[in-house]
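Numbering (UniProt numbering), first residue to last: 1 to 317.
Quick reminder that beta carbons are idealized off the backbone N, C-alpha and C, glycines included.
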Amino acid sequence: MSVPSWFTTFLSTFQRAFAIAVVIAQGGIAVTGSIVRVTGSGLGCPTWPQCFEGSLVPVEHPEVASLHQWVEFGNRTLTGVVGVIAGLCVLAAWFNRPRRKRVVVLALVQFGGVVVQAVIGGFTVLTGLLWWTVSVHFLVSMALVWFAVLLVAALGEGDEPARPRVPRPLLALQGVQAVVLGLLLLAGTFVTAAGPHAGDAATPRLDVSVDTLSQLHADLLFLFLGMLVALGFALRGHPVPRRPYYALVAVVLSQGALGMVQYWTGVPEVLVSLHVLGAGAVVVATAALWVSTRERPQRDDEGLRSQTAGSSVASHV
Numbered sequence: 001m002s003v004p005s006w007f008t009t010f011l012s013t014f015q016r017a018f019a020i021a022v023v024i025a026q027g028g029i030a031v032t033g034s035i036v037r038v039t040g041s042g043l044g045c046p047t048w049p050q051c052f053e054g055s056l057v058p059v060e061h062p063e064v065a066s067l068h069q070w071v072e073f074g075n076r077t078l079t080g081v082v083g084v085i086a087g088l089c090v091l092a093a094w095f096n097r098p099r100r101k102r103v104v105v106l107a108l109v110q111f112g113g114v115v116v117q118a119v120i121g122g123f124t125v126l127t128g129l130l131w132w133t134v135s136v137h138f139l140v141s142m143a144l145v146w147f148a149v150l151l152v153a154a155l156g157e158g159d160e161p162a163r164p165r166v167p168r169p170l171l172a173l174q175g176v177q178a179v180v181l182g183l184l185l186l187a188g189t190f191v192t193a194a195g196p197h198a199g200d201a202a203t204p205r206l207d208v209s210v211d212t213l214s215q216l217h218a219d220l221l222f223l224f225l226g227m228l229v230a231l232g233f234a235l236r237g238h239p240v241p242r243r244p245y246y247a248l249v250a251v252v253l254s255q256g257a258l259g260m261v262q263y264w265t266g267v268p269e270v271l272v273s274l275h276v277l278g279a280g281a282v283v284v285a286t287a288a289l290w291v292s293t294r295e296r297p298q299r300d301d302e303g304l305r306s307q308t309a310g311s312s313v314a315s316h317v
């Protein structure tokens with residue numbers, strides 16, 4: 001079956017826009033998920049994939065407020081929007097010529113991730129919002145944000161193996177920093193799991209002191225920030241863009257300050273969602289710095305040239 005030329009031209013023209021949109025969408029749906037949680041709407045639609053038995057959409061129900069139904073249903077609907085954007089990324093990668101395997105794989109990760117998230121979301125609802133299922137749901141979103149940044153970067157790169165732009169010990173430091181970021185995000189989900197925002201009033205909480213978990217979360221933040229300072233000193237004199245580094249410092253400091261305000265003010269609902277937004281921003285900035293320290297040669301009509309992912313991501317994310 002032939003594909004109309006106007007459609008392939010459309011996909012090619014907006015391929016980068018689709019990739020940037022999927023970064024925003026993957027981070028944005030985590031924020032809307034937090035809104036579901038802080039409004040107590042996690043079981044607004046108590047079944048899955050239907051909202052209620054026999055109805056895909058909210059219906060009047062004596063035991064479930066309409067607001068909770070529509071908040072949860074809205075979040076589910078947004079999953080479809082993310083799926084459409086991810087699907088456009090796959091189509092653009094597939095029909096682009098020459099077809100680039102790495103771009104196709106990264107686009108498929110986005111689409112497959114949406115499917116996986118839908119299943120995890122359904123499992124979360126059917127298990128009554130068990131705290132660890134909510135944690136997994138969030139962490140998968142953050143992983144998809146990371147890979148979405150890599151997709152944006154790949155569109156400005158070649159397909160050769162990545163070459164380091166800094167000494168390998170600094171790449172190793174970034175690898176450890178990425179692990180610490182994962183632990184930091186995990187600890188954040190623990191704080192939320194033990195805190196007041198369960199997603200539903202009847203949901204059991206993580207039976208650990210919030211103060212203890214908050215201290216763990218803060219300690220990991222200081223570790224991450226310390227590694228970031230060390231990385232900043234080590235990067236001096238190396239030919240890497242500085243903007244991704246300064247952007248990461250800014251978002252980490254802002255996120256830390258927001259977390260302290262959140263703790264001191266009793267975890268108000270709006271700050272929870274802002275903190276989730278900040279977490280996504282930290283992941284984006286960390287991934288952008290990651291790709292800025294590596295390069296993949298790319299060939300165009302004028303010959304061989306080298307583009308770094310960092311400059312591409314810094315310009316478009």
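H238 burial status per 10 Å Cβ neighbour count (16 or more: buried): exposed
N-terminal and C-terminal residue of the alpha helix (DSSP H) that W48 is part of: Unbroken run through W48: none, as it is neither H nor E.
Residue burial classification, F111 (beta-carbon count within 10 angstroms, cutoff 16): buried
With 16 other Cβ atoms within 10 Å as the buried cut-off, status of R99: exposed
Backbone CA spacing between L171 and V179 [nearest angstrom]: 13 Å
Meets three-Cβ-pair contact criterion under 8 Å: the segment 124-131 and the segment 15-33: no
DSSP state of F14 mapped onto helix, strand, coil: coil
C-beta contact flag for S141 and L186 at 8 Å: no
Opening and closing residue of the alpha helix (DSSP H) in which D207 lies: Taken as a continuous stretch (DSSP letters only), D207 belongs to no alpha helix (DSSP H), as it is neither H nor E.
Classification of A154 by the beta-carbon crowding that lies within 10 angstroms, buried from 16 upward: buried
Segment limits, alpha helix (DSSP H) that includes P244: R243 to W264
Spatial distance of I85 from P49 (CA atoms): 21 Å
Length of the line joining the Cα atoms of F95 and L130: 41 Å
Endpoints, the alpha helix (DSSP H) within which A278 is located: Looking at the sequence itself, residue 278 is Gly, so the reference to Ala does not match. Run containing G278: E269 to S292, per the alpha helix (DSSP H) assignment.
Local Cβ density within 10 Å of G40, reported as buried at 16 or more and exposed below that: buried
Any 3 or more C-beta pairs closer than 8 Å across the segment 275-292 and the segment 145-152: yes
Assigned exposure category for G266 - 16 Cβ within 10 Å defines buried: exposed
Proximity of A93 and V82 at Cβ, strictly below 8 Å: no
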